[in-house]
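Numbering (this note's numbering), first residue to last: 124 to 204.
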């Protein structure tokens with residue numbers, strides 16, 4: 124299990140085949156859940172990349188237990204969400 128932090132906001136969420144699922148909009152560090160904007164447009168991607176975005180109702184919830192690896196630019200899950 125990976126430990127999620129606010130430093131993960133703005134990173135890409137990738138599946139096991141390196142396909143982009145979306146971008147991390149917000150991390151709830153207490154619940155250890157990342158909120159992911161699926162298919163963000165360019166403006167959303169830039170805002171999230173700078174860490175200024177927030178989760179909204181269409182974001183996917185990804186628990187830390189589903190995250191296989193964390194790098195400087197992405198989080199990778201073991202299976203497709």
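In this text, a Cβ means the ideal position worked out from N, Cα and C, and glycines have one as well. Quick caveat, the model's predicted, so the values are computed rather than measured.
Whole-angstrom C-beta distance between residue j and residue i, which should lie under 8 angstroms
i: residue 125; j: residue 190; result: 4 angstroms
Best match in the options for proximity to residue i [C-alpha to C-alpha]
i: residue 181; options: 187, 147, 153 and 192; result: 147
i: residue 132; options: 160, 141, 142 and 140; result: 160
i: residue 145; options: 152, 195, 154 and 183; result: 183
i: residue 188; options: 197, 155 and 195; result: 155
Straight-line Cα distance separating residue j from residue i
i: residue 143; j: residue 136; result: 6 angstroms
i: residue 140; j: residue 134; result: 17 angstroms
Cut-off 6 angstroms between Cβ atoms - residues of its own chain near residue i, not counting five sequence neighbours on either side
i: residue 186; result: 156
8 angstroms CB neighbourhood of residue i in its chain, flanking five on each side removed
i: residue 192; result: 125, 198 and 199
i: residue 162; result: 145
Same chain, Cβ closer than 7 angstroms to residue i, five either side skipped, listed in chain order
i: residue 196; result: 134 and 135
i: residue 152; result: 127, 128 and 129
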